[in-house]
Amino acid sequence: MSVQIKTIEYEPKRQTFGHVARRLGADKPASRYLEATLDVQPTVNFHYKPQWEPEFWHFDARKTAVVMEDWYKPLDPRQFYYATYNIARANMNQSVERSFAFADERGLIAKLSDDARSQIEHGLLPLRHLHWGANMNMTEICQRGYGTAVTAPCIFSAMDHLGMAQIVSRIGLALDGQTGVSLDMAKETWLNNPAWQGVRKLIEDSFVERDWFQLFVAQTLAVNGVILDLVYKHADAAWQEAGVTVAMLTEFMTDWRAEESRWSDSVIKTVAAESPENKALVSQWAKLWIDRAVEAAKPLSASLLGDNGAVAEAAGEATRKRALSLGLAL
Amino acid sequence: MTAKKLGLKQRYAHMTRGLDWETTYQPMDKVFPYDQFEGIKIKDWSAWEDPFRLTMDAYWKFQAEKERKLYAVLDAFAQNNGQASVSDGRYINTLKLFLTGVSPLEYQAHRGFAFTGRHLRGAGPRVAAQMQSLDELRHVQTQIHTISQYNKYFDGLSEFPHMHDRVWYLSVPKSFFDDARAAGPFEFMIAIGFAFEYVLTNLLFVPFMSGAAYNGDMSTVTFGFSAQSDESRHMTLGIEVIKFLLEQHPDNLPIVQKWVDKWFWRGFRVLGLVAMMMDYMLPKKVMSWKEAWEIYFTEGGGSLFQDLARYGIKVPKYADVATEAAEHISHQNWAVFYQYTHAAGFHTWMPDREHLDWLSEKYPNTFDKYYRPRWEMWAQAEKEGKRFYNMALPQLCQVCQIPMAYTEPGDPTTICFRETQFKGETYHFCSDGCKDIFDDEPEKYAQSWLPVHQIFQGNCGGPTVPDVLNWYRMNNGADNMDYAGSPDEKLWNEWHAKAAEAAG
């Protein structure tokens, strides 16, 4: 038995937009992701050269040395458009709220030893500034990059980093009884403590990188792979008895990293696979920035874990392996 | 120990503003290379008061909630074939104008605010600009989804990005935004954040969304409601920016005033398309362009500029000319599209009797005297099988890129022409406003990609109308020409015959 509601038939004339159909190879129904992404960026017949960079148009594929026949090849495996992105983050953030509430109820932060506190202040809280730097980089790639397929997820990523900087800030505020003192101290550490200066120099150097795809490789592969993974993934021992609490309060970062790297890795893989020239360039950039990130991370790893930089090296090795798996030659 | 609770302001400040730092391994001027050349002086970036204090957790939560509701409506709209329930098949033409002319601007705004969101030196305005960048991406993407259902049934929507980059009248909005994107970060903030989002949004966004509401377009109006809170945030950012610049240094005033004058006039010219939409394209009218101009510019803008007077800002130059032109522009624009219907990506028509009477009533000073006789003459010619097409390519204004069809201020029977010499060439303008803009930055505006010049230079697919239409991907006989006899009209009539039959 089935129930059928009678309606007037409306026969569609076409299933999707012309540019989407041409890319799909046929006029067939297209996902919301594809309709909201494909060919959305203007490509030709611009009117005025930017006063701030007259050598290029504001949308100009020449702002990176890699060349793609089509910048809509590197699609987002997560199929994020604005709605799905926000809904995904709102869901992730519900767990953040639960974790902070739980930690608060159980007095998990209040009970911490001075040692554990000072380790978190020294090793975790300054990361908020690294996220802020990452936010600047992803925003830069969004504005300088080419093709909505790559640039739209970059503004998502930029806002993710801002959100993560704010989660780190909340951990600090929980530590210092909402006074902000720990955040001021963390900023001081970020600016002056020798353990962090390599990382700060690394991110400041990335701010002046003009090739947006090189910046993409530097940020998503090297900085995220070496520095963020070092602190969020491999530094449990540094937090002493607070290991589980930190893991719980930074769960967002762990989930985010697993999710975002699916996208950023696939972009790098697709761009490198385009041509031997791209592969050579991307490989060279990956090697350069991973090496620099490892050097930057060593003093941090030594200071956090007393390991003489071994964990930073290991994070670097894992990142190099990841780069190889994306088809790069280091 | 009792935890001291931070106030909202302090919490936000800690969570966001304390994040930035003075770089030392790279010079700040290299990290922020673009925020000096415009001559704007900022003494203290930290004086920026973020009006929203929106942390990302709150942003995601609010926006996700709005998106869930919006997409539920879009799904229901599609399931119930809402496209068949709008006031009339003609209404879809406003969506064609919107998707080809306005949605791509949302995209440009997304990228432009990413630029200022990276390159303004202060953390506060940077975060605000980034959020606006994200919101603008929302707007273009949700607009595409909203209108996607109409695209399945009606012509003229299917090639919107291709058309935006090529079609003659779409170079008007496109060049407007290219102009802002090519400017420095402060000018962009004044152009888009202040002039466009604050001063003129009620004359762009609101008329389209109210038009949707009046004409039974559930899908678009739901987007409009959903975007309202974003828009009010953007307006607030626009007003904050101008006040901040003016408070920072007295030397900023003349620069900002020049931008206000320029972007008022640029915006006013783009809005001519909205004027025409309101007066001619909406089957159920919301209000006339002249009424909208009185409410939103003369009154609303008047009190805004009164408020800004304490900073020394004056009402934009040529605001009086724009107000006088409110009696004319919608009619003059519709006349252009009617004559060039063969090259328009939407349908045209001559107003019927009831519509003519409405226009007479709304424009008592001008309509009967200057425009009604022309419409009646053209309607008569149609009846006699001699519908008027203008097959000559029009001269375009070098700045706004609109065909030279506007009349002299105070003299609606004389076309307004202005010209200027630059490097041995003569450049032509529709108005003093556009000429002033050119004269101030001739190197910039001499570059304009003028569609008519490009056609004559052989860059647009060929010399004949079908060649150019083909290059536009404009489906001749479906996307263009009059509504009467169009596939859209045929489809609409079939649906309504079926519905009438089903109703018995």
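Chains A and B, in that order, give the protein sequences. Numbering of the first sequence is given in numbering that gives the first Met the number 0, commencing with residue 0 and proceeding in unit increments. Numbering of the second sequence is given in numbering that gives the first Met the number 0, commencing with residue 0 and proceeding in unit increments. Idealized CB from N, CA, C, for every residue including glycine. Computed from a prediction, not measured in an experiment: that's the story for all the values here.
| Asked | Found |
| --- | --- |
| Bridge partners for B/T419 per DSSP, in chain order? | B/Y426 |
| Per DSSP, what are the beta-bridge partners of B/P402 in this structure? | B/L395 |
| Would you report the Cα separation of B/E381 and B/D56, rounded to the nearest angstrom? | 60 Å |
| Could you tell me which residues DSSP puts in a beta bridge with B/I414? | B/T406 |
| Identify every residue that forms a DSSP beta bridge with B/D481. | B/T347 |
| Where do the N-terminal and C-terminal ends of the alpha helix (DSSP H) with B/F387 fall, by residue? | That residue, B/F387, is in no alpha helix (DSSP H); it is neither H nor E in DSSP. |
| Within 10 Å of its beta-carbon, does B/P315 have 16 or more other beta-carbons around it, so buried, or fewer, so exposed? | buried |
| Let me know the alpha helix (DSSP H) ranges lying completely inside the segment 303 to 339 of chain B, each 4 residues or longer, listed in chain order. | 318 to 324 and 328 to 338 |
| Less than 8 Å between the beta carbons of B/I189 and B/W262, yes or no? | yes |
| Taking B/I41 as the reference, give the member of B/R120, B/E158, B/P450 and B/Q107 with the closest Cα. | B/R120 |
| Please return the same chain residues whose Cβ sits closer than 7 Å to the Cβ of B/G504, not counting the five positions on each side in sequence. | Residue 504 of chain B is absent from the structure shown; chain B starts at 0 and stops at 503. |
| At 8 Å on the CB atoms, spell out the chain A contacts of B/R472, in chain order. | G17 |
| Could you pull the start and end residues of the alpha helix (DSSP H) that A/A311 belongs to? | A309 to S324 |
| Taking A/I4 as the query, report the chain B residues whose CB atoms sit under 8 Å from its CB, ordered along the chain. | Neighbours of A/I4 on chain B: none; closest Cβ ~10 Å, over 8 Å. |
| CA-CA distance, B/A342 and B/A378? | 20 Å |
| So, are the CB atoms of A/G179 and A/L172 less than 8 Å apart? | yes |
| Does any CB atom of chain B fall closer than 8 Å to the CB of A/F79? | no |
| Let me know the secondary structure DSSP gives A/G122 once reduced to three states. | helix |
| Could you name the residues of chain A that B/S157 contacts, counting a contact when the two beta carbons are closer than 8 Å? | R13, F16 and G17 |
| Rounded to the nearest angstrom, how far is the Cβ of B/T99 from that of B/H163, given a contact under 8 Å? | 6 Å |
| Looking at the secondary structure, which residues open and close the alpha helix (DSSP H) in which B/F153 lies? | From DSSP, B/F153 is part of no alpha helix (DSSP H); its letter is neither H nor E. |
| Considering only their Cβ atoms, is the gap separating B/K497 from A/I4 smaller than 8 Å? | no |
| Which residues mark the beginning and the end of the alpha helix (DSSP H) in which A/A336 is found? | In the structure as shown, chain A starts at 0 and stops at 329, and residue 336 of chain A therefore has no counterpart that could be examined. |
| From B/Q227, B/E105 and B/E360, pick the residue whose C-alpha is nearest to that of B/K284; which is it? | B/E360 |
| For a contact defined as C-beta to C-beta under 7 Å, what are the partners of B/F114 on chain A? | Q142 |
| Exposed or buried, what is B/H516 when buried is set at 16 or more other beta-carbons lying within 10 Å of its beta-carbon? | Only positions 0 to 503 of chain B appear in this structure, which leaves residue 516 of chain B out of reach. |
| Let me see if you follow: with CB-CB separation under 8 Å, is A/N92 close to chain B or not? | yes |
| Return the residue from the list A/G197, A/A328 and A/Y84 that minimises the CA-CA distance to A/P75. | The residue you asked about is not Pro; residue 75 of chain A is Asp in the sequence shown. For A/D75, the nearest C-alpha among the options comes from A/Y84. |
| Report the rounded CA-to-CA distance for B/G484 versus A/R61, giving the unit in angstroms. | 46 Å |
| With distances taken Cα to Cα, identify the nearest neighbour of B/A226 among B/A318, B/R125 and B/Q142. | B/Q142 |
| May I ask you to report which of helix, strand or coil DSSP gives A/L107? | coil |
| Under DSSP, the alpha helix (DSSP H) around A/K297 begins and ends at which residues? | P275 to L304 |
| Over the uninterrupted alpha helix (DSSP H) stretch that includes B/H161, give me the two end residues. | F159 to H163 |
| Between B/G344 and A/A292, what straight-line distance do the alpha-carbon atoms span, to the nearest angstrom? | 53 Å |
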